[in-house]
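Residue 604 in our numbering sits at position 317 of the sequence shown; the count goes up by one each step and never skips. Structure, as structure tokens:
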Amino acid sequence: MKFLIVTFALVYITSGGYPAQGSNIIDHSCWSDQQGNFSSQDTAMTTKLLIRPFQLDIVPPSSGVQFYKNGIIFLSHSKIEEKVPEKHLSFGSLKTFMALPLDTIPGDCIPFIPTAPNVFPSEATTFTEDFNTMYVSLIPERDSREKIFRATLNSNNWVFDETPLEFCKGNYIYSHPTLAAKGDFMIFSSDMVGSAGGLDLFISRKEGDNWGNPENIGKHINTTGNELFASLDAENNLYFSSDGLPGEGGYDVFVCNYNGKGWDKPHNLPAIINSRNDEVAFTVSRIDRSNAFFTSRTRFGKSRTLLNSVTLKPSPATDKNNAISPELFAMAGIDSKSSKALKEASEPRAEKASEKAESQNPPPVKNNADKKEVTPPASRPANTLPTKSTTDYKEAAAPASKPSTTIPAEVKKDAVVYRVQILANMKPIGSKNFTVEGKTYKSFEYLHMGGYRTTIGDCQTLAEAKALQNACRRNGYNQAFVVAFKNNIRSNDPALFK
288 MKFLIVTFAL VYITSGGYPA QGSNIIDHSC WSDQQGNFSS QDTAMTTKLL IRPFQLDIVP
348 PSSGVQFYKN GIIFLSHSKI EEKVPEKHLS FGSLKTFMAL PLDTIPGDCI PFIPTAPNVF
408 PSEATTFTED FNTMYVSLIP ERDSREKIFR ATLNSNNWVF DETPLEFCKG NYIYSHPTLA
468 AKGDFMIFSS DMVGSAGGLD LFISRKEGDN WGNPENIGKH INTTGNELFA SLDAENNLYF
528 SSDGLPGEGG YDVFVCNYNG KGWDKPHNLP AIINSRNDEV AFTVSRIDRS NAFFTSRTRF
588 GKSRTLLNSV TLKPSPATDK NNAISPELFA MAGIDSKSSK ALKEASEPRA EKASEKAESQ
648 NPPPVKNNAD KKEVTPPASR PANTLPTKST TDYKEAAAPA SKPSTTIPAE VKKDAVVYRV
708 QILANMKPIG SKNFTVEGKT YKSFEYLHMG GYRTTIGDCQ TLAEAKALQN ACRRNGYNQA
768 FVVAFKNNIR SNDPALFK
């Protein structure tokens, strides 16, 4: 099966990957510490949401990223595998990669479809609950507009159907599908007959092995403008972007509460998400439910695209992240009863879903520190995200324990220490001993952004911590970076990194 990989139709006629609408500048103000950790000045101090720029270029025709298992997939040039500064290496070919998100950077990147020549927008994908079936927007060779295709995971590679889904008929766009949590219905954008104008959201329901005739999702959601980038969370609440509904700027992100039968009226997400620019491709992880991404794009002047990470700040009392959707509902002004019910429904299931995702990923594979790949490309499954090798360190045979959530007695009130983060895992590994360049360190583990982070060192100064960071990077942990703790709680205070 062949697809066009250069020219995309209406949805991609701008470099931003969606129909152009107006212009303005990015409003999100951020600061950056010396290690490249970002935090929003507005949101970090006044809300439970932490919104930070994520250090990953959005490459057209993509407009964002998509969650896959416990990681993300994204479109990038093949140079990203080399970890070489851009000016020293040609861009290479476009490929879809996947990686574990480590705070505000992607971890080790591996090809998502090693042998496929197809280039498609990463956010225009959606997966079944078992991650063995994917639906994606592609342009057939003898067509000029996007159609939705199915791909199945076979022998660690994705195999695409020769023809699009049966409802993709006529000279119309069928783009950016999103599956329900149980896979029983699909929402997508289309200009097919029945749209109010531009691109509307349609729904198709699963009928055995086939998909039923699409229906317009409703006039209370669709407008004469464009409704794009539909995304369903684990509770089937609907996020999408629209330039037809009243909002802050061009394209804004809206959310609709799922009431069990359909969707209530759209609510504009708060100004900490939406700005006078275009905000698109909002997607929430269905695994831990506490991570989300969206993209901001300038509307005039110098083009600038920024990928943003959205998380909930852990509560110091519980050291636990809750689901993002209830917080967004409350901030968007959605009925508090619906928001509370959503929170209660999502919390107990989040852990179960996370455990299921973890069981689908194999344990870390050891290799030597001087090798660039954690495992040889030929033996690493295409659908398995890499985890950092621990062979570079000598580990004590101490049993795993839960991460510390209390302040040790020897730590004085308001004491600040610097540590170097070297590992990120979905499961706790407990405190261990690590030897780096002849010196042994006892690790400190903490919960952050839905994952367990392993740090070493108890440095009193930033300079001491940076020296340890450099030692870790020399020993194979290329993504090691310095984090600050105040009373053993991670702090992003920029003053601590001056």
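Glycine is no exception: its CB is placed at the ideal position from the N, C-alpha and C atoms.
Going by DSSP, name the residue or residues bridged to Thr524.
-> Looking at the sequence shown, residue 524 is not Thr but Asn. Answer is none; Asn524 lacks a bridge partner.
Run through DSSP, which three-state label would Lys753 get?
In the three-state scheme derived from DSSP, where H, G and I count as helix and E and B as strand, Lys753 is classed as helix.
What ranges does the beta strand (DSSP E) occupy inside the stretch 544-613, keeping only unbroken runs of at least 3 residues that lie completely in it?
For the stretch 544-613, whole beta strand (DSSP E) runs of length 3 or above, ordered along the chain, are 565-571, 578-584 and 592-599.
Which word fits Ile776, buried or exposed, when buried means at least 16 other C-beta atoms lie within 10 angstroms of its C-beta? Ile776 is exposed by the Cβ-count criterion.
Starting from Arg706, trace the beta strand (DSSP E) in both directions and tell me its first and last residue.
Counting along the chain, the beta strand (DSSP E) containing Arg706 begins and ends at Val703 to Asn712.
ask   = Does the Cβ of Asn578 lie closer than 8 Å to at least one heavy atom of the ligand ZN?
value = Summarising the ligand content, the structure contains no ligands, and the ligand ZN is consequently not present.
Could you check what DSSP says for Met618 in three-state terms: helix, strand or coil?
Helix, per DSSP.
With DSSP as the reference, label Pro408 as helix, strand or coil. Judged by DSSP in its simplified three-state form, Pro408 adopts coil rather than helix or strand.
Counting pairs of Cβ atoms below 8 Å between the stretch 412-420 and the stretch 738-758, do you hit three or more? Touching, no, given that fewer than three Cβ pairs across the two stretches are closer than 8 Å.
query = If Val707 sits next to Gly744, beta carbons under 8 Å apart, how far is it from one beta carbon to the other, in whole angstroms?
reply = Confirmed, Cβ separation roughly 5 Å.
Q: Evaluate contact between the stretch 340-356 and the stretch 541-556, counting only Cβ atoms and requiring at least three cross-stretch pairs below 8 Å.
A: Contact fails between the stretch 340-356 and the stretch 541-556, because fewer than three Cβ pairs, one in each stretch, are under 8 Å apart.
- Reducing DSSP to helix, strand and coil, say where Phe399 ends up. Coil at Phe399, not helix or strand.
**Asked** Run through DSSP, which three-state label would Phe772 get?
**Response** In the three-state scheme derived from DSSP, where H, G and I count as helix and E and B as strand, Phe772 is classed as strand.
If we call anything under 9 Å between Cβ atoms a contact, is Ser511 one with Gly484?
-> Strictly speaking, residue 511 in this sequence is Thr, with Ser absent from that position. Yes, these two residues count as a Cβ contact at 9 Å.
| message | Can you tell me which residues form a DSSP beta bridge with Thr742? | response | Thr742 is bridged to Gln708 and Phe731.
### Per-residue burial, His790 [other beta carbons within 10 Å of its own, 16 or more giving buried]
Residue numbering for the chain in the displayed model covers 288 to 785; residue 790 lies beyond these limits and cannot be assessed.
Contact check, Ile508 vs Cys543, beta carbons under 9 Å: Contact flag set, yes.
Quiz item: Can you tell which of Cys746, Glu522 and Tyr728 has its C-alpha closest to the C-alpha of Ile611?
Solution: The shortest Cα separation from Ile611 among Cys746, Glu522 and Tyr728 belongs to Glu522.
Quick check: the stretch 747-759 against the stretch 712-728, are there 3 or more CB pairs under 8 Å? Contact holds: three or more Cβ-Cβ distances are below 8 Å.
Item to check | Straight-line gap, Lys335 to Ala771 (C-alpha atoms, nearest Å) | outcome: Within the model, the alpha-carbon separation for Lys335 versus Ala771 is close to 20 Å.
So His822 is in the beta strand (DSSP E); what residue range does that whole segment cover? A question about residue 822 goes unanswered here, because the residues of the chain that appear run from 288 up to 785.
Assign Ala767 to buried or exposed, taking buried as 16 or more other Cβ atoms, counted over all protein chains shown, within 10 Å of its Cβ. The C-beta of Ala767 has 16 or more other C-beta atoms within 10 Å across all chains shown, which makes the residue buried.
- request: Could you check how far apart the C-beta atoms of Leu594 and Ile392 are, in whole angstroms? I think they sit under 8 Å.
  value: Contact doesn't hold; Cβ gap of about 11 Å is too wide.
Which one or two residues does DSSP pair with Thr722 in a beta bridge?
Bridge partners of Thr722: Thr727.
Beta-carbon within less than 6 Å of Ile621's beta-carbon, same chain only, minus the 5 sequence neighbours each way: which residues are those?
So the list reads Asn544 and His554, once near-sequence residues are dropped.
Excluding the 5 residues flanking Gly481 on each side, which residues of the same chain have their C-beta closer than 7 Å to its C-beta?
Asn503, listed in sequence order.
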